[in-house]
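So for the sequence shown, the working numbering puts the first residue at 1123; every next one is plus one.
Here is the structure we will look at, set down as structure tokens.
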Amino acid sequence: MSTVKYSKELPVYRDVDVLVVGAGPAGIGAAVCAARNGAKTFVFDSAGCVGGMATNGLVGPFMTVYDAKSEKQIIKGIFEEIVDRMIERGGAIHPSEVRSGSSRAGFYIIGHDHVGPFDHETFKLVATEMILESGAELLLHTQFVDVLKEGDRIAGVIIANKDGMSVIRAKIIIDCTGDADVAARSGVRYELGRVEDGNMQPATLFFRVCNVDSERLAAHIKEHEHEIKPFYGPFSWLIREKQDEWDVPRAEVCLFESPEPGEYRLNVTRILDVDGTKAEDLTRAELEGMKQVHKVFDFLKKYAAGFENAKFMGTASTIGIRETRHIEGLYRLTADDVINCRVTDDTIAVMATNMDTHNRNDPGGTYFTLENGPYFGVPYPCLVPKGVSNLLVAGRAISADARAGAAIRMIPCCIVFGQAAGTAAALAIKDGRTPADVDVKGLRETLKEQGAFLGD
Ligand SMILES: Cc1cc2nc3c(=O)[nH]c(=O)nc-3n(C[C@H](O)[C@H](O)[C@H](O)COP(=O)(O)OP(=O)(O)OC[C@H]3O[C@@H](n4cnc5c(N)ncnc54)[C@H](O)[C@@H]3O)c2cc1C
1123 MSTVKYSKEL
1133 PVYRDVDVLV
1143 VGAGPAGIGA
1153 AVCAARNGAK
1163 TFVFDSAGCV
1173 GGMATNGLVG
1183 PFMTVYDAKS
1193 EKQIIKGIFE
1203 EIVDRMIERG
1213 GAIHPSEVRS
1223 GSSRAGFYII
1233 GHDHVGPFDH
1243 ETFKLVATEM
1253 ILESGAELLL
1263 HTQFVDVLKE
1273 GDRIAGVIIA
1283 NKDGMSVIRA
1293 KIIIDCTGDA
1303 DVAARSGVRY
1313 ELGRVEDGNM
1323 QPATLFFRVC
1333 NVDSERLAAH
1343 IKEHEHEIKP
1353 FYGPFSWLIR
1363 EKQDEWDVPR
1373 AEVCLFESPE
1383 PGEYRLNVTR
1393 ILDVDGTKAE
1403 DLTRAELEGM
1413 KQVHKVFDFL
1423 KKYAAGFENA
1433 KFMGTASTIG
1443 IRETRHIEGL
1453 YRLTADDVIN
1463 CRVTDDTIAV
1473 MATNMDTHNR
1483 NDPGGTYFTL
1493 ENGPYFGVPY
1503 PCLVPKGVSN
1513 LLVAGRAISA
1523 DARAGAAIRM
1533 IPCCIVFGQA
1543 AGTAAALAIK
1553 DGRTPADVDV
1563 KGLRETLKEQ
1573 GAFLGD
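Printed below as a string of structure tokens:
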């Protein structure tokens, strides 16, 4: 590729304490909590609404927020506040009420007890209200472009939108882009997917249908429930039987009933070898995903019990990317930490989500459930990248190996990473410290005062 040189003076659009880049689950938690803890906070997103995968990606339900024995809710804090506000509006069902095997849990038994079904429009509304009520300033339709570095710190973040390019200066930046775009542009090292073989989990374009006969569907699935296991869930028997007419590299119809009866979101399409940090790959995935969606819907209408009168509601407005960069932080969470349910004294969130890795080359994957304990902890240093002094990373890109990353990527986990990062940034600024030097004991006390459960 040939190059050209481009140089220009840019206006400084804002000078703030905390800048949150990306307003998905992690960015929402980060912006609300940084602002509530007294920091002048600004958050922007390239999309036309907040929520990331939980709105534009149509992803859901909230994956389990209970411990591995399904006895106690362990992800709380700001996540619980969001869910309570959504329930008030009739846009969510509390995870305590949803049991595995039910239509809201996708009919899965393993790993799906106490998931949280929600309506993505309600999530959008509640999250936006909470950001604005916190005092954080929100700007949409704004893309992160690059950083201005001074030594080991980010002196400014270059943004681009309809107004052109400008700069936002901040004392601390929290990268919540999911892909660690800010960290990568700042020179933070990262792993792209799984280091051993470069595998990145496949992409999926979600879609929604309504008018499904849930009773008929549930009765049919009950007859086959002994066949359901991870990656070979609902209708895997139908796919085997009608293999010649099934043209999607997936062996199940992963479908979750929304709070609205008869309305389902479908996580079925599978686009392989997509690098979600490349625009050409993303474009191919969108086009291939759209093709697969219509093939799947036509197949279900023709053969699947309960789908006879189903109506197509639409596709997600963006392809779902499960995995890209895992940054190199001061600590890297490992699969071993997850499997052995380690909880350290610098833990900022505990969770019992399973290591759910979709394969690159076949319809299956590996699904590892926690058997050695009730939950594992995520240490604060996983959010602190090495080498840049005023940056934190929250969301699915935190410092974790690919297998541990497959467990911590769920929406509730990302929301509470955002809560920890936003709170840490505000405390660091109050104390005149860098993110790496934050008083972690004080941070944990503050998180607990805000309703978080940290395993003690
Ligand atoms: C197919 C699929 C199925 C899943 N299933 C479930 C499930 O059932 N339950 C569950 O709990 N989780 C599930 N997940 C995981 C979950 O949705 C994501 O891991 C989670 O949303 C990540 O949150 P995040 O805030 O890190 O990133 P995202 O949700 O990706 O949000 C990032 C935000 O940053 C913005 N952004 C990105 N780059 C830029 C930029 N350069 N400039 C400006 N803005 C930018 C984006 O527009 C977006 O709003 C699934 C994910 C996928 C893809």
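Note that CB positions come from ideal geometry on N, CA and C, so glycine has one too.
Just so it is clear, the structure is predicted and the values come from calculations on it, not from any experiment.
Contact check for G1238 and V1269: beta-carbon distance about 35 Å, past the 8 Å limit, so the pair fails to qualify. Cβ-Cβ separation between C1298 and G1517: approximately 5 Å, consistent with a contact (criterion under 8 Å).
With contacts defined as CB atoms closer than 9 Å, I1290 and L1514 fail to qualify as a contacting pair. Assigned with DSSP and collapsed to three states, A1471 falls in strand. Here DSSP, grouped into helix, strand and coil, assigns E1259 to strand. By the criterion of at least three beta-carbon pairs nearer than 8 Å, the stretch 1560–1568 is not in contact with the stretch 1340–1358. Positions of the beta strand (DSSP E) runs, each at least 3 residues long and wholly inside the stretch 1383–1429, are given as 1386–1389 in order along the chain. Within the same chain, Cβ atoms closer than 7 Å to the Cβ of H1236 are found at T1186, V1187, Y1188, S1192, P1217, S1218 and V1220, the five residues on either side in sequence being excluded. In the DSSP annotation of this structure, the continuous segment of the beta strand (DSSP E) that includes A1282 starts and ends at R1275 to N1283. For F1184, the three-state secondary structure derived from DSSP is strand. Counting of Cβ neighbours within 10 angstroms places T1405 among the exposed residues, the total staying below 16. Just measuring C-alpha positions, the residue of R1158, I1343, G1146 and K1364 sitting nearest K1552 is R1158. Taken through DSSP and simplified to helix, strand or coil, R1291 comes out as strand.
DSSP, read as helix, strand or coil, puts R1518 in coil.
The residue among L1422, M1412 and A1457 with its C-alpha nearest the C-alpha of S1439 is M1412. Here the C-alpha atom of T1264 lies approximately 44 Å from the C-alpha atom of A1427. About 40 Å separates the Cβ atoms of Y1425 and I1196, ruling out a contact at the 8 Å cut-off. Annotation note: the stretch 1293–1340 contains the following uninterrupted beta strand (DSSP E) runs of length 3 or greater, listed N- to C-terminal: 1312–1314 and 1329–1332. Taking 9 Å as the cut-off, the beta carbon of T1399 is found no closer than this to the beta carbon of F1328.
When DSSP states are grouped into helix, strand and coil, L1132 belongs to the coil group. When C-beta atoms of the stretch 1363–1376 are compared with those of the stretch 1309–1318, fewer than three pairs fall below 8 Å, so the two segments do not count as touching. Going by beta carbons, V1538 and G1300 fall outside the 9 Å limit. In its chain, beyond the 5 residues on either side, A1157 have a beta carbon closer than 6 Å to the beta carbon of G1257.
The Cβ neighbour count for D1285, taken over all protein chains shown within 10 Å, is under 16; the residue is labelled exposed.
Scanning S1124, S1225 and L1180 for the CA closest to the CA of P1383 turns up S1225.
A distance below 8 Å between beta-carbons, with the five flanking residues on each side excluded, links K1130 to the following residues of its chain, in chain order: M1287.
By the Cβ rule, the stretch 1161–1168 does not count as touching the stretch 1486–1505, because fewer than three pairs are nearer than 8 Å. For C1535, the closest of C1171, Y1128, D1139 and A1176 by C-alpha to C-alpha distance is A1176.
Judged by DSSP in its simplified three-state form, H1348 adopts helix. A1214 carries a strand assignment under DSSP once its states are collapsed to helix, strand and coil. Straight through space, the alpha carbons of Y1128 and T1475 are spaced by roughly 46 Å.
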